[in-house]
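**Q** These protein sequence lines are chains A and B, in that order.
With positions in the first sequence counted from 1, the corresponding number in the numbering used here is that position plus 264.
With positions in the second sequence counted from 1, the corresponding number in the numbering used here is that position plus 336.
First the structure, which I've put down as C-alpha cells, then a few questions once you've had a look.
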Amino acid sequence: MTDKAEYRAFVKRNSPKSPMWRSLFAAFVVGGLICMAGEGVHDAISALFPALPDEDVGSWTTVVMIFVGAFLTAIGVYDKIGRVAGGGSIIPITGFANSVVSPALEYNREGVFFGICAKMFVIAGPIIVFGIVAGILVGVLGLIG
Amino acid sequence: MSVFLTYLKVFAVGGGLCALGQLLINKTEMSSARILVTFMLLGLVLEVAGVFDAIKEFASSGVTVPITGFGSAIAKGALEGGREGGLLGAVSGGLKAAAPGVSAVILFGFLFALVFRSRSKKI
Chain A
265 MTDKAEYRAF VKRNSPKSPM WRSLFAAFVV GGLICMAGEG VHDAISALFP
315 ALPDEDVGSW TTVVMIFVGA FLTAIGVYDK IGRVAGGGSI IPITGFANSV
365 VSPALEYNRE GVFFGICAKM FVIAGPIIVF GIVAGILVGV LGLIG
Chain B
337 MSVFLTYLKV FAVGGGLCAL GQLLINKTEM SSARILVTFM LLGLVLEVAG
387 VFDAIKEFAS SGVTVPITGF GSAIAKGALE GGREGGLLGA VSGGLKAAAP
437 GVSAVILFGF LFALVFRSRS KKI
C-alpha cells in the first residue's frame, strides 16, 4: 500500500510538464497582436472622424473591439484562439466580451430569461460588481482626500 | 517610422501584460474571472496612483485594450465625477465611464445569443 506523499510524488513525476514557456510566449504574441489591432482600430476611427475628441475615440475603440470579440465568440473562432493563447485572449477587452457571449450562447437553449440573460453574467458579473464598487470607493475617497 | 515604433510599443506592453496574466494562471490556476478582476483592479490602482496616464502616453492601446484600461476608465470617471458633481458625481462617475463597454457587451451578447447556436458540444 502506497502512502499519500508517495502517490503525490508519483503523479508529479508522471503527469505531463505544463509547457510554461510556450504558454507565456503564446499569450505574449496573441495578446500583443490583439492590442495592436486595437491601436489600428483607434487610428482608423480618429482618421475617419478627425473632429471626435480623443476620449470618444477611445470609447468607440472599446465598442468595436467588444463587437469583434463577441462576433468571433459567436462564430466559434475565439475559443479556438483561446485554446492556444490562454491569457493572451482573456486579458484584452475582447476576452471580456468572450466571457459574456460564451455563457450566453451556451445557455440559450434554456430560454431568453434564465438562459441568456441570467447566465451571461456568470463570469462578467464579478468584474462589473468589483468595478462599480471600487469606482464608488475611489470617487468617495477622492472627495475626502 | 514613428508609427512603427508606436505599434511595437503597443505590442510589447500589451503582450507583456497578457504574459503576466498567463504566468498568474500557470502559477495559481486562477479562473479567468479572477484574472480579469485582478487586472481591472490593477488598472484602477494605477489610475488612482496617477501613473496610468504616463504608461498610456508610452504604450497607448497596449494598456487600454487590456482590461486594465477598463479599470482606469472607471477610476478616472469616479474622480472626475466627484470634482464636477459632488457626492452624486463621485458615486455615479465610475459606472458612467464604464457604460460604453458594459452596454456594448450586453447588447452584442444578447443579440448574438439570440441568433447563434453554441459551437461547443460539451453539454
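For every residue, glycine included, the Cβ atom is placed at its ideal position computed from N, Cα and C.
Looking only at its chain, what residues have a beta carbon closer than 8 angstroms to the beta carbon of I391 of chain A, apart from the 5 residues adjacent to it on each side?
**A** Within the first sequence, numbered from 1, the residue matching residue 391 of chain A stands at position 127. Within the same chain, I391 of chain A has close Cβ partners F360 and S363.
**Q** Does the beta-carbon distance from K432 of chain B to G413 of chain B come in below 7 angstroms?
**A** Stepping through the second sequence from its first residue, residue 432 of chain B is reached at position 96. Stepping through the second sequence from its first residue, residue 413 of chain B is reached at position 77. Yes. Within cutoff.
**Q** Just the Cα atoms here: how many angstroms apart are G296 of chain A and E270 of chain A?
**A** The residue you call residue 296 of chain A lines up with position 32 of the first sequence. The residue you call residue 270 of chain A lines up with position 6 of the first sequence. Computed Cα separation, rounded: 42 angstroms.
**Q** Quick one: list the residues of chain B neighbouring S287 of chain A, beta-carbon separation under 7 angstroms, in chain order.
**A** Against the first sequence, residue 287 of chain A aligns to sequence position 23. Q358 and N362, listed in chain order.
**Q** Identify which residue in A:P283, A:F289 and A:I298 has its Cα closest to the Cα of T358 of chain A.
**A** Along the first sequence, read from residue 1 onward, the residue named residue 358 of chain A stands at position 94. Of the candidates A:P283, A:F289 and A:I298, the one whose C-alpha sits nearest the C-alpha of T358 of chain A is A:I298.
**Q** Counting only the same chain and skipping the five closest in sequence on each side, list residues whose C-beta sits under 7 angstroms from that of A291 of chain A.
**A** Here residue 291 of chain A refers to the residue found at position 27 of the first sequence. So the qualifying residues of the chain are A349, G350, G351 and G352.
**Q** Would you say I408 of chain A reaches chain B, if we count a Cβ-Cβ gap shorter than 7 angstroms as a contact?
**A** Numbered from 1 along the first sequence, position 144 holds the residue referred to as residue 408 of chain A. No, I408 of chain A does not count as interfacial toward chain B.
**Q** When the Cβ atoms of the region 380-399 of chain A are set against those of the region 366-376 of chain B, are three or more pairs found closer than 8 angstroms?
**A** Flag = yes, the region 380-399 of chain A and the region 366-376 of chain B touch.
**Q** Can you list the residues of chain A that V401 of chain B reaches, using a CB-CB cut of under 7 angstroms?
**A** Against the second sequence, residue 401 of chain B aligns to sequence position 65. Simply I298, C299, G302, M329, P356 and I357.
**Q** What residues in its chain sit with their C-beta under 6 angstroms from that of G399 of chain A, if we drop five residues either side in the sequence?
**A** As a first step, residue 399 of chain A is located in the first sequence; it is residue number 135 there, counting from the start. Nothing listed; no residue qualifies.
**Q** With respect to the alpha helix (DSSP H) encompassing A223 of chain A, which residues constitute its N-terminal and C-terminal limits?
**A** There is no way to answer for residue 223 of chain A, as the model of chain A reaches only from 265 to 409.
**Q** How should E303 of chain A be labelled, buried or exposed, when 16 other C-beta atoms within 10 angstroms of its C-beta is the threshold for buried?
**A** One-based indexing of the first sequence puts residue 303 of chain A at position 39. E303 of chain A is buried by the Cβ-count criterion.
**Q** Inspect the beta-carbon positions of V365 of chain A and G418 of chain B and report whether they are closer than 7 angstroms.
**A** As a working mapping, residue 365 of chain A is identified with position 101 in the first sequence. As a working mapping, residue 418 of chain B is identified with position 82 in the second sequence. Not a contact, by the Cβ cut-off of 7 angstroms.
**Q** Run through DSSP, which three-state label would P283 of chain A get?
**A** Taking the first sequence and counting its residues from 1, the one referred to as residue 283 of chain A is at position 19. Looking at P283 of chain A - three-state DSSP - the assignment turns out to be coil, as it is neither helix nor strand.
**Q** Quick check: is the beta carbon of S277 of chain B nearer than 7 angstroms to any beta carbon in chain A?
**A** What the structure shows of chain B is the stretch from 337 to 459, and residue 277 of chain B is not part of that stretch, so it cannot be assessed.
**Q** Where does P436 of chain B fall in DSSP's three states?
**A** Taking the first residue of the second sequence as 1, we reach residue 436 of chain B at position 100. If DSSP states are grouped into helix, strand and coil, P436 of chain B belongs with the helices.
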